[in-house]
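Quick note on numbering: my numbering labels position 213 of the sequence shown as 1039, and the sequence is numbered without any gaps. Each residue gets a CB set at the ideal place from its N, CA and C atoms; glycine is no exception. Note that the structure is a prediction, hence the values are computed from the model and not measured. One structure is given below, encoded as structure tokens.
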Amino acid sequence: MKVTEHIQQASDTLISFEILPPLKGKGIQSLYDHLDPLMEFKPSFINVTYHRSEHSFKKRADGSFEKVVVRKRPGTESICAAIMNKYNVDTVPHLICGGFSVSETEDALINLNYLGIDNVLVLRGDAAKNETAFEAEPGGHKYALDLLKQVTNLNSGIYLEEDLKNTTKTKFCIGVAGYPEKHFEAPNMESDLKHLKAKVDAGADYIITQMFFDNAKYFAFVNACREIGITVPIIPGLKPIYTKKQLTILPKTFHIDLPTPLTEAVNACKSDLDVEKIGAEWLLEQSKELKKAGVPVLHFYTLGRPLLVAGVVKQLC
Ligand code: FAD
């Protein structure tokens, strides 16, 4: 079922989770162990992130270096199918532009369609580790908007090979990313919102936001979107803080601010166990306020702490 159908049929705020594929070598049981404690909350859908391959240099016996390509977290599409099969829940694979040609993307979409997956979250992806700025693959997409147009084309039965006859139309429900605190490359919020609107005008069915720790930023973002005519659902993305190190890692990685009362409370903690308690309380308060405001879905980034998220969601239900 499509994310938008879940939202249309709901009488209350829904719950969804986001997970990462296991690190290569871990096996799928590690993923099930992560998800098991979350399934009692009957999530409407589960997002599975996509991780592009990385280049590294391996030293040969003769001292020269060999360039090797490694994908540390492979398997997004098959994980989605495995989750649907095991838990009977809808999944949302993330699709990125980085590292893919348009024909590889088309093959991935065809695979997802064969697997009965109704949703995709289309993203540009970040720059590869060895790049200073995002570079599209030769013959690949530069922006999420271009990838989105490929999906909407396929939804209209338009494949890359134009001479194909009587093609099947896919029916993907398409999500895109939005940034309450602005995407870090955008020169200003107006420009970022203009590009977000272009994604919606081109067929995006809903928006999921980058994590934020100050609900006022989400509410202001939603207002700004509505003012420029974006009417699709805007799903807040939420993540717990659970270590002191995250006070610097989260702003550096995700280009977000952490509110002073949160950073002061975390800094006063004697151990990371204490930080977990603060993080859980903060997440609960954020979630309660958003639910009260009638957000369509609370989307939790569960990475590393499914039990912490489960504890918070339990208090919301
Ligand atoms: P875009 O919408 O293409 O925007 C990128 C930048 O370009 C923005 O600054 C935008 O304002 C600007 N822009 C857009 N169009 C134009 C144009 N025509 N001209 C000039 N500028 C333009 N990354 C992963 O690798 N895997 C994941 O699974 C993943 N999941 C994510 C989930 C969520 C909910 C979010 C919020 C992010 C996720 N990311 C993921 C990170 C994402 O890939 C990065 O934030 C990336 O840098 C931008 O992706 P985007 O889809 O927002 O890009």
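Is residue i buried or exposed, if buried means 16 or more other CB atoms sit within 10 Å of its CB?
i	result
Gln834	exposed
Thr1176	Outside the shown range of the chain (827 to 1143) lies residue 1176, about which nothing can therefore be said.
Met1037	buried
Lys850	exposed
Val1002	buried
Pro964	exposed
Arg1131	buried
Asn873	buried
Thr1155	Absent from the structure is residue 1155, since the part of the chain shown begins at 827 and ends at 1143.
Ser890	exposed
Tyr1044	buried
Ala970	buried
Gln855	exposed
Pro848	buried
Thr1074	exposed
Arg950	buried
Tyr940	exposed
Asp1018	buried
Asp888	exposed
Thr1128	buried
Val1101	buried
Asp859	exposed
Ala1094	exposed
Gly1120	exposed
Ser870	buried
Asn1041	buried
Lys1078	exposed
Leu1109	buried
Which residues does DSSP pair with residue i in a beta bridge?
i	result
Lys885	Phe891
Met1037	Gly1063
Pro919	Val874
Val1123	Leu840
Val896	Glu880
Ala1003	Ile1034
Asn1049	DSSP output for Asn1049 lists no bridge partner at all.
Asn945	Cys999
Ile845	Val874
Can you tell me which of the options puts its alpha carbon nearest to the alpha carbon of residue i?
i	options	result
Lys1118	His832, Leu840, Thr931 and His860	Leu840
Thr993	Ile1000, Cys999 and Gly983	Gly983
Lys955	Tyr985, Glu880, Ser929 and Gln1141	Glu880
Lys1065	Asn1093, Arg1052 and Ile1034	Ile1034
Val946	Ala953, Ala959, Glu957 and Glu932	Glu932
Asn914	Gly942, Pro900 and Phe926	Gly942
Thr1057	Ile1075, Val948, Pro1122 and Ala1091	Pro1122
Lys1225	Leu1022, Ile1000 and Thr996	Outside the shown range of the chain (827 to 1143) lies residue 1225, about which nothing can therefore be said.
Leu921	Val977, Ala953 and Val894	Val977
Gln1072	Pro1062, Arg1052 and Gly1105	Gly1105
Tyr1068	Thr1079, Glu1107, Glu961 and Arg878	Glu1107
Lys893	Pro900, Lys884, Arg899 and Gly901	Lys884
Cys999	Pro919, Asp888, Phe843 and Leu1142	Pro919
Glu1115	Leu1084, Lys868 and Leu1142	Leu1142
Arg899	Ser929, Lys1025, Phe1080 and Leu846	Leu846
Leu1133	Gly1120, Lys1103, Asn937 and Ser1113	Lys1103
Thr987	Ile1082, Ser929 and Glu1011	Checking the displayed sequence, the identity of residue 987 turns out to be Glu instead of Thr. The option with the nearest alpha carbon to Glu987 is Ser929.
Val1139	Arg897, Met910 and Phe843	Phe843
Leu935	His1125, Leu861, Lys997 and Lys868	Lys997
Gly853	Arg897, Glu866 and Gly901	Gly901
Gly925	Asp952, Ile909 and Lys912	Asp952
Pro1062	Pro1006, Asp862, Val896 and Asn981	Pro1006
Asn981	Thr958, Ala1030 and Phe1010	Ala1030
Contiguous alpha helix (DSSP H) assignments of at least 4 residues, all confined to the segment 948–1002: Secondary structure within the segment 948–1002: the alpha helix (DSSP H) runs of 4 or more consecutive residues, fully enclosed, are 970–981 (chain order).
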